[in-house]
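In our numbering, the protein residues as written are 1 to 115.
Spelled out as structure tokens, the structure:
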């Protein structure tokens with residue numbers, strides 16, 4: 001179980017929604033279900049339009065969440081993440097701050113999503 005708080009200059013106020021952990025839905029599908037206006041185009045990790053900054057609200061070390069190959073490529077080409085952050089994600093299970101909403105699977109930790 002996780003609270004997902006969405007924040008953006010495109011919204012009049014922050015929106016916090018409840019996401020069921022283990023349900024394997026993407027952050028984009030949770031946003032769409034709750035009518036959060038995250039921009040998206042392809043929905044399969046190739047265009048990068050749904051890039052968002054994700055941070056854990058607990059103050060604890062974030063859970064390691066694998067980046068898809070598409071995320072690595074798209075986010076690196078967009079200048080959102082570095083090769084070092086990719087290496088840290090793969091070796092140390094330290095997720096980078098930027099993710100693609102269409103690829104990010106919501107886990108059992110409260111997160112803040114900036115877009």
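Yeah, the Cβ is synthetic: ideal placement off N, Cα and C, and Gly gets one too. All values derive from a computational prediction rather than experimental measurement.
Please say whether residue 57 and residue 5 have beta carbons closer to each other than 9 Å? In the chain shown, counting from the first residue as 1, residue 5 sits at position 5. In the chain shown, counting from the first residue as 1, residue 57 sits at position 57. Yes, Cβ-Cβ distance for residue 5 and residue 57 is below 9 Å.
In terms of residue numbering, what span does the beta strand (DSSP E) encompassing residue 111 cover? The sequence position of residue 111 within the chain shown is 111, counting from 1. Looking at the DSSP string, the run of the beta strand (DSSP E) that includes residue 111 is 111-114.
For residue 134, which of helix, strand or coil comes out of DSSP? The requested residue 134 does not occur in the structure, where the chain is confined to residues 1 to 115.
Roughly how many angstroms separate the alpha carbons of residue 14 and residue 36, rounded to a whole number? Locating residue 14 in the chain shown gives position 14, where the first residue counts as 1. Locating residue 36 in the chain shown gives position 36, where the first residue counts as 1. Looking at the two C-alpha atoms, the distance is approximately 10 Å.
Which of helix, strand or coil DSSP assigns to residue 63: Taking the chain shown and counting its residues from 1, the one referred to as residue 63 is at position 63. Residue 63: coil per DSSP, three-state reduction.
Presumed contact (8 Å Cβ cut-off) between residue 114 and residue 8, rounded CB distance: Here the question's residue 114 lines up with position 114 in the chain shown. Here the question's residue 8 lines up with position 8 in the chain shown. That pair is a contact at about 7 Å.
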